[in-house]
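Report on one structure; see the data block that follows.
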Amino acid sequence: MKGTKGRRRFLDYPRQGREGPRRWLPSWRQWLGLLSLGILGLAGLLAVVYAKIDVPDENELAGKQATVYHWSDGSEMVSVGAVNRQNVSLDKVPDSVENSVIAAENESFYSDSGVSLKGIGRAVVSMVSGGETQGGSTITQQYVKNTYLSQDQTVTRKVREFIISLKVSNQKSKHDILRGYLNTSWFGRDSYGIEAAAHAYYGVDAKELNPSQGAVLAAVLKGSEQYDPGLSKANHARAEARWAWILDRQVDTGKMSKEERAKYRTFPEPRKLSKPTSQAGQTGYLIDVANKFIRARTGLSDKDLARGGYHIHTTFDKERTRRLEKAVNDVRRKEIDPKHRKADEFVQFGAASVRPGDGAIVALYGGPDATKHFSNNADTSAVPAGSAFKPFVLAAALQEEVDDGEDRTTAPVDGEDRTPTPVDGEQTPAEKLGGALLMGQSPPFVQAGKRIGLERIRDLAVQTGLRKESMAQLEQTFPLGTSAPSAIRMASAYTTFANGGLHQEPYAVSGMTYDGKKVPGLSRPKAEQVLDAKVAEEVSNSLRVMGWLTLGRDGGLGPERPVAAGRTEPGDRMKSAWFIGSPSAAEPDFGPGTGAKTGKAVRPGRAPGAGDVNEPTTAVTMFRNKAGTPALLPMQGVGGAKSKLGTTLPPKVWQAYQQGS
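Per my numbering, numbering through the sequence shown is continuous, rising by one, with the last residue being 879.
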């Protein structure tokens, strides 16, 4: 018995001779043993996985298949061709370009084992936790992903990337890996590989790139959507900063002398962006909007889409798109004469049609030709809305009455005494505002901004469909339309009025497949009630009167199709002209005390939601912009004296579009 008592147990757990919680806490030796066992187990697992995973055959880039975009009826819109890629050997790539890429992407390339444990760990943790994917891959890992694996952001793919990268690093020379990486990497501008990129950005073979140009291409490797300097001012600033950092980094690592670095102080501007001829006319603009929607909803990048193999079913109606383009061209031909009127130079149109019932973008006009005019006028946020913004102020005033109750009192404005809300048939502040809308008056809207609050007006406009990023600073003139929403967003927001206060986010893609499998994430968000239905109907009724005042009683469409419309006024003195119209299923109320004669807003008393949810709302904008200059030019004289600063022309485009055949 005595001998048995003194014998040590193989595993002293629970621990003898300890009391309380200490009895259940492992000793440091036990912790060390567990850690060692875990490391051995992990090493064994990695050894098994390493043995089982072979280096696969090089994948065939999905871009060897075309990506096909379809119209809403299923017919083919355009087929975007194979990958733009030309393989070159490293002797055709200047050392300075290689040094730029290594400095930017993987400084330890020639000395590391081909993998970054830190980068792998960060990416795996992020993916497991549902966060954004993280970078940190070595050049070898990126080469493996480009050459042997899919672009899926999954833990399994990341583990395979790690193992294959180790094997490739043991089987291939650094020279071969770098060559493969430079030939398979995505540089934007539909370019895979350094040779295609050299032509896309600078119009030269890769062997002719100088160190400064090579640093720009190395900067673009971080992501062309953010670093292609031709895409936006913000991109240009990011690209220039990274270009300078890459050159400086080469000095720090001894790959470039300070004297040579001093030669490159001016950013080497790339060539202007260009599109393939298959995207001429409106096609390129349609693809841009569809791709923008896909990127926002699925997380796919331009690089992913450029690989091809997708079938993308858009919401764009082929016939409506043709009619909208024809309407703009007809009005331009009849009304715009730059050869004889200097004021007609640099005139631009943009337009978009959005269906109220579901938010589908059924047509747009982005400019004269996507291969020549690269900015999409239907999706630009640089054109002030002017008086076309005033209906949102009216909606905010009406919604305030609903939210606060009819017995509230008005807030003091500019030191005025507080007065009770009018009763017994007198006009409320919102009713007065409705009359001011119809008569084109601006001061009441400035006063409304002070009374209601600019934040409240802005928030309502955003809730109905405008983007917060397009909202102007909250200054006194904010209610007069200093914000610059796109035509797509203006059409979308006006559908909220036509749809009884129910807002549906605009969308451009109804479905998408890759290798026959459905791509997830494209289901559109549910509609949201953002305005009281009666408020939406009151705004709609004022817009019907506005349509009658602008286009005539039947809007040129026949007595059964009155028009609800918003517009800019000649008195705006701004640098744009807008017209947003929607054929309505209800006549405006032309009863006593309506509209411009007495200044009373309409309280129709009919059921809300009288608009036709299948008939799209269309926003048309016109402005003047000289290529290369950010500021818009004045509208005085555009279209001649009768056009009233051009404000009569967008309604003509809208009518021609509706009447077109």
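Just so you know, even glycine gets a beta-carbon here, dropped at the ideal spot from N, CA and C.
All of these numbers come straight from a predicted model, not from anything done at the bench.
Query	Result
Buried or exposed by the 16-neighbour rule on C-beta atoms within 10 Å, applied to T866	buried
Cα-Cα separation, H417 to N428	13 Å
C-beta atoms of V838 and F567 nearer than 8 Å	yes
N- and C-terminal bounds of the alpha helix (DSSP H) containing S430	P429 to V438
Straight-line gap, A415 to G406 (C-alpha atoms, nearest Å)	8 Å
Span of the alpha helix (DSSP H) around E723	Here E723 belongs to no alpha helix (DSSP H), and DSSP marks it neither H nor E.
C-beta neighbour in chain B for A709, strict 8 Å	This model lacks chain B altogether, as it is built from one protein chain only.
Per DSSP, cross-strand counterpart(s) of Q566	F841
Segment contact flag, the segment 475-488 with the segment 524-539, C-beta cutoff 8 Å, min 3 pairs	no
N- and C-terminal bounds of the alpha helix (DSSP H) containing V763	A751 to L769
Identity of the residues DSSP links to W796 by a beta bridge	T839
Own chain, CB closer than 8 Å to A455, minus 5 neighbours either side, in chain order	none
Stretch-stretch touch, CB-based, cutoff 8 Å, three pairs: the segment 601-621 with the segment 784-796	yes
L656 versus Y410 - alpha carbon distance	56 Å
For M295, the first and last residue of its enclosing beta strand (DSSP E)	E294 to V298
Contact check, A679 vs A648, beta carbons under 8 Å	no
Segment contact, 8 Å Cβ cut-off, at least three pairs: the segment 751-758 with the segment 714-726	yes
Contact under 8 Å by Cβ, T836 with W872	yes
V781 - containing beta strand (DSSP E), residue span	V781 to R785
Cross-strand partners of P801 (DSSP beta bridge)	V781
Pair within 8 Å by beta-carbon distance, S382 and L400	Position check: residue 382 holds Ile in this sequence, whereas Ser was assumed. Cβ atoms of I382 and L400: not closer than 8 Å.
Expected contact under 8 Å - CB spacing of L651 and L612 to nearest Å	5 Å
Boundaries (first-last residue) of the alpha helix (DSSP H) holding I554	Counting along the chain, I554 falls outside any alpha helix (DSSP H), and DSSP gives it neither H nor E.
Residue environment, L850, which counts as buried when at least 16 other CB atoms sit within 10 Å	buried
Cβ neighbour criterion (16 or more within 10 Å) applied to P488	buried
Unbroken alpha helix (DSSP H) run spanning L692, endpoints	That residue, L692, is in no alpha helix (DSSP H); it is neither H nor E in DSSP.
Pairwise C-alpha distance: L582 and S593	13 Å
Neighbourhood of L616 by C-beta, 6 Å cutoff - its chain only, sequence neighbours within 5 removed	A648, V753 and E756
Length of the line joining the Cα atoms of N759 and G765	10 Å
CB-CB length for A284 against G526, believed under 8 Å	6 Å
Chain-order list of residues whose beta-carbon lies under 7 Å from that of V748 (same chain, five-residue window excluded)	Q681, T682, T714, G719 and H721
Rounded distance between the beta-carbons of E833 and S205, thought under 8 Å	In the structure as shown, the chain starts at 219 and stops at 879, and residue 205 therefore has no counterpart that could be examined.
Spatially closest choice to A433 from T484, D677 and V333, by CA coordinates	T484
Beta-carbon separation (whole angstroms), S512 vs A321, contact threshold 8 Å	It should be noted that the sequence gives Ile, not Ser, for residue 512. That belief does not hold up - the Cβ atoms of I512 and A321 are roughly 33 Å apart, past 8 Å.
For Y445, the three-state DSSP class (helix, strand or coil)	helix
V580 - partner residues in DSSP beta bridges	Its beta-bridge partners do not exist; DSSP assigns none.
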